[in-house]
């Protein structure tokens with residue numbers, strides 16, 4: 038049996054029922070991690086999720102080589118969640134899920150993350166948002182350029198779904214990788230050459 | 038007063054005594070963080086240290102919006118500590134200090150980090166090690182290419198200081214940035230064109 042990207046089935050337990058996010062029980066982060074792992078396995082791209090930033094305030098050393106963090110706090114991330122390397126390009130993006138069926142609230146993205154995405158674009162990296170509308174089961178890649186167009190032309194506190202449908206790239210569900218966003222990145226790279 | 042890079046003094050408390058690491062009380066990590074912050078301030082490069090990877094096993098929620106991590110463990114990093122974007126290039130490196138005056142122990146670098154550095158190089162990113170011999174007060178940038186040459190030609194479990202002196206780039210101490218490693222990266226980029 039051949040899979041969409043021409044690769045042979047690797048495990049014998051792969052599901053053959055239609056792909057929906059509900060029956061897979063994976064969220065966008067899980068699927069992106071799986072996709073990035075797949076990209077690494079086939080030596081295509083080296084993109085990782087950054088560890089969650091925390092501030093450690095108390096550490097115990099029950100033995101010489103062992104440390105147990107006893108108190109720590111989540112801190113506001115200064116950058117985006119994902120970055121890495123693809124075809125010589127620096128890739129940087131933030132990924133978010135929304136339950137809304139009408140719009141993506143801008144409160145999901147910190148202002149300094151927006152600034153970061155814009156800095157990356159300015160310095161010839163490739164940066165974007167991946168937004169999944171979970172209820173609609175629609176996942177979009179929105180380039181920083183289009184995102185900035187929206188921000189510069191609207192006072193709204195959320196981006197309507199119509200804006201995504203007209204200005205972002207729909208990422209189709211896949212088997213492996215589940216979120217094949219590099220297919221879209223290929224188009225972005227093509228547009229630069 | 039003009040500083041080495043032609044920039045004017047920004048604060049009035051900048052030290053004028055000779056720069057040594059002892060009297061500054063900063064370690065390599067602090068100095069790299071300061072340097073990267075400086076690079077961002079002048080819109081030169083966007084390179085960050087990744088958060089320390091940890092596995093969180095217990096979280097308390099004393100109130101609705103507040104989370105306190107009550108138990109977590111340090112985990113082995115899958116990649117390097119620093120990555121980012123400079124002049125359109127993906128930059129990736131690991132930084133280590135050594136007290137030795139004779140050699141840098143390879144046990145400081147995990148095998149999968151070496152593999153990661155090599156993958157980056159293969160995919161046209163720029164990757165390297167920054168190693169500071171604290172007792173000697175010598176800081177080197179060793180490219181992954183030269184690092185691999187050593188690994189392929191030696192059974193030793195440490196890299197002798199002589200190898201650094203002959204094959205790596207010495208990074209001179211500076212005021213701002215303190216570790217101006219991008220000056221060396223400029224040479225690496227020049228060599229690629």
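Protein chains in written order, with the working numbering: chain A, 38 to 230; chain D, 38 to 230. Every residue gets a Cβ at the ideal spot worked out from N, C-alpha and C, and that includes glycine.
Using the three-state DSSP reduction, which class does residue i fall into: helix, strand or coil?
i	result
residue 81/D	coil
residue 148/D	helix
residue 172/D	coil
residue 191/A	coil
residue 163/D	strand
residue 102/A	coil
residue 177/A	strand
residue 223/A	helix
residue 97/A	strand
residue 218/D	coil
residue 91/D	strand
residue 230/A	coil
residue 204/A	helix
residue 64/D	coil
Taking buried to mean at least 16 other C-beta atoms within 10 Å of its own C-beta, is residue i buried or exposed?
i	result
residue 186/D	exposed
residue 162/A	buried
residue 184/D	buried
residue 192/A	exposed
residue 121/A	buried
residue 176/D	buried
residue 110/D	exposed
residue 215/A	buried
residue 208/A	buried
residue 68/D	buried
residue 218/D	buried
residue 76/A	buried
residue 98/D	exposed
residue 158/A	buried
residue 203/D	exposed
residue 131/D	buried
residue 80/A	exposed
residue 102/D	exposed
Here's a check: name, in chain order, each residue in its chain whose Cβ is nearer than 8 Å to the Cβ of residue i, leaving out the five neighbours to either side.
i	result
residue 112/D	90, 91 and 92
residue 190/D	none
residue 85/A	73, 119, 120 and 121
residue 78/A	none
residue 63/A	71 and 215
residue 104/D	96, 97 and 98
residue 128/A	82, 84, 119, 120, 121, 122, 162, 163, 164 and 222
Going by beta carbon distance, what residues of the same chain come within less than 6 Å of residue i, once the five residues before and after it are set aside?
i	result
residue 135/D	141 and 170
residue 106/A	93 and 96
residue 148/A	none
residue 145/D	133
residue 126/D	163
residue 206/A	178 and 221
residue 71/A	215
residue 114/D	90
For residue i, list the residues DSSP reports as bridge partners.
i	result
residue 196/A	141/A
residue 210/A	216/A
residue 86/A	119/A
Please return the same chain residues whose Cβ sits closer than 7 Å to the Cβ of residue i, not counting the five positions on each side in sequence.
i	result
residue 153/D	116 and 117
residue 225/D	163 and 180
residue 155/A	181 and 185
residue 108/A	94 and 95
residue 227/D	none
residue 123/A	82, 84, 219 and 222
residue 139/A	197 and 198
residue 229/A	none
Give me the chain C residues within the contact set of residue i, using Cβ-Cβ distance strictly less than 8 Å, ordered along the chain.
i	result
residue 111/A	Among the chains of the structure shown, chain C does not appear; the protein chains present are A and D.
Complete runs of the beta strand (DSSP E) confined to the segment 106-148 of chain D [at least 3 residues]: Listed in chain order, they are 119-123, 126-135 and 140-142.
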